[in-house]
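Note sheet for the following structure.
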Amino acid sequence: MKLLLSLLLPLLAWQPAPSSAPATDPAWVQEVGAKTQPTAKTTFLVTKYGAVADGKTLNTQAIQKAIDAAAKKGGVVTFAPGEYLTGSIFLKKGVTLNIPKGVTLLGSQDLKDYPDMPSRIAGVEMVWPAALINILDQQNVAITGQGTVDGQGKPFWDKYWAMRKEYDAKGLRWIIDYDAKRPRTLLVSNSSNVTLKGITLQRAGFWTVHILYSNHVTADGLVVRNNIGGHGPSTDGIDIDSSSHVLVQNCDIDCNDDNFCLKAGRDWDGLRVNRPTEYVVIRDCVAGAGDGLVTCGSETSGGIRHVLARNLSAKGTKYGIRLKSATNRGGVVEDIIVEDITMDAVRVPIIMTMNWNPAYSYSSLPAGYTEATLPEHWKKMLAKVEPERGTPHFRNVRISNLRATGAKEAISAEGLAASVLENFTLENVTITTETAGKIDFAKGWHIKNLDITAEDQEPVAVQNSTGMTF
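Numbering (mature numbering (1 follows the signal peptide of the UniProt record, and there is no 0)), first residue to last: -23 to -1, 1 to 447.
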């Protein structure tokens, strides 16, 4: 039975619906992505520098020698067919790393092959192992090809779960992700004009592609497959972290956490850095398994703004459009445009919360620990954030032309009494679901052509909300 949304509540002010979305994109959309790419064509074959394609010999030094040679004049580092075992490698200005079809880079399963370095992990600056492939403090770099980068992450997944059991028992859920060091697969940090194109990345030990403190980055045609041989924890697909002018297109992600995720720092440390993620386009992409098709947060401290997500599809993803934060994060999530979305068997197509995962989000030191002797990253996590800085804000979000089938709950939107979900637009949204869901602590929502078919035949429950127009 078709159930049209009918919210006959005294708190709602019934007014004509606003006009439809702007006919043209914001001007900034034309400025995203890499503006330059390496042009030098000289080829540097890693086997000439001692690499062995047997999947067993550790080739870190040989591959790095080829990269260093290519960096002197610019050039393309490439591989003969085969499997190349390696630890962390570091690309340099003017270099293209080409991974052709028939080539697999295998990540070492020994953590000592990933040297510790300063970085930011899950919103906190700390020392962490280098990624398998690193672009650090560089410009005009590319990674291309139809080959595969296999992080071989299962030993790192197993390590995490063993530590997690121990930490949970001690009341330390909030710090386990930071203590269980696991290498990312590809890191772009403090860099510009970077192109990532065509490669397949699989079995990440931790996050797969992390774009951090960078600008003008293009990720085009990447394939992520992290649920091979298990389900790795926190194996995000693409994380855009306090970065700007990023273009993600034609990507296909199947992972075990957020598929396409925007982040901007966590809690006290994220507020200290105070660097936003902004001017991001995600288009023409698909998601399979994972926790969120497009997620903003939970690391929102520096702010997330000016985002366009268009022509995306998800099948079997846990959540669809997801905004999440916590009451010690702070930051503003705003000017988000999501349009032309299809979802099948996505548990909750539209979900928002400012009190996400309390056991993970809120830090408290159990008895028996002396704070003065704690690691530095523990101290950062325990630093208190005053409520006026810790309260997040979600506002100015437009979701249009969304069609979802097979949902459990259509909408779960929960603001706070101190921070309502403000000025949201839902237009041309059609969802078939078990139950319609809820909207709590909202203000100034504009709803047009919202069509929910719910098995329980109940409407969306709206509470503590004002200024809702239809």
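All C-beta atoms in this analysis are idealised placements derived from N, C-alpha and C, irrespective of residue type, glycine included.
Bridge pairing for A196: L173 and V225 [DSSP]. Counted as a single uninterrupted DSSP element, the stretch harbouring F447 is not any beta strand (DSSP E), since DSSP gives it neither H nor E. Residue state for F56 is assigned as coil, using DSSP reduced to three classes. The beta-carbon distance between S85 and L163, rounded to whole angstroms, is 15 Å. This is too long to meet the 8 Å contact definition. Listed as beta-bridge partners of E255 by DSSP are S221 and R282. Its chain contains I153 as the residues whose beta carbon lies nearer than 6 Å to that of R141, once the 5 sequence neighbours on both sides are disregarded; these appear in chain order. With fewer than 16 neighbouring CB atoms inside 10 Å of its own CB, V104 falls in the exposed class.
Between the C-alpha atoms of E60 and H370 there is a straight-line separation of about 48 Å. The residues G214, I230, A264, G267, G269, L270 and T294, in chain order, have a CB closer than 7 Å to that of N236 in the same chain once the five nearest residues on each side in sequence are set aside. If you check the CB distance, V397 and G414 do not come in under 7 Å. Here H354 carries a helix assignment [DSSP, helix/strand/coil]. For D417, the closest of S275, T37, M445 and A336 by C-alpha to C-alpha distance is M445. Beta-bridge partners assigned by DSSP to L68: I112. Of the other Cβ atoms in all chains shown, 16 or more fall within 10 Å of the Cβ of S219; this residue is therefore buried.
As DSSP reads the structure, M320 sits in a beta bridge with A291 and A381. The beta carbon of S96 sits closer than 6 Å to the beta carbons of W105 from its chain, once the five residues preceding and following it are set aside; these are given in chain order. Here T402 has R375 and H423 as same chain residues with Cβ atoms under 6 Å from its own Cβ, once five neighbours each way along the sequence are excluded.
W105 carries a strand assignment under DSSP once its states are collapsed to helix, strand and coil. Taking a cut-off of 8 Å for Cβ pairs, the segment 116 to 124 and the segment 164 to 173 touch, as three or more such pairs fall below it. In this structure, N204 lies near N233, with their beta-carbon atoms less than 7 Å apart. Remark: C-beta atoms of E255 and R287 do not approach each other more closely than 7 Å. Per DSSP, G32 lies in no alpha helix (DSSP H); the unbroken beta strand (DSSP E) holding it starts and ends at D31 to L35.
Only residues of its own chain outside the window of five on either side were considered, and among them Q226, N227 and N288 have a CB closer than 6 Å to the CB of D261, listed in chain order. Assigned with DSSP and collapsed to three states, L149 falls in coil, not helix or strand. Here DSSP, grouped into helix, strand and coil, assigns P364 to helix. Per DSSP, P326 is one residue of the beta strand (DSSP E) stretching across V325 to T330. With respect to A390, M329 sits close: the two C-beta atoms are nearer than 7 Å. Going by C-alpha positions, K356 is about 30 Å away from E311.
Rounded to the nearest angstrom, the Cβ distance from A99 to G130 is 17 Å, too far for a contact under 8 Å.
R159 carries a coil assignment under DSSP once its states are collapsed to helix, strand and coil. Linking E363 to G307 through their CA atoms gives a straight-line distance of about 10 Å.
Linking I388 to K69 through their CA atoms gives a straight-line distance of about 45 Å.
Less than 7 Å separates the beta-carbon of V72 from that of A48. In the structure shown, A181 adopts coil according to DSSP, grouped into three states. With a cutoff of 7 Å on beta-carbon distance, T125 and T185 are scored as not near each other.
At the C-beta level, D127 and Q179 come within 7 Å of one another.
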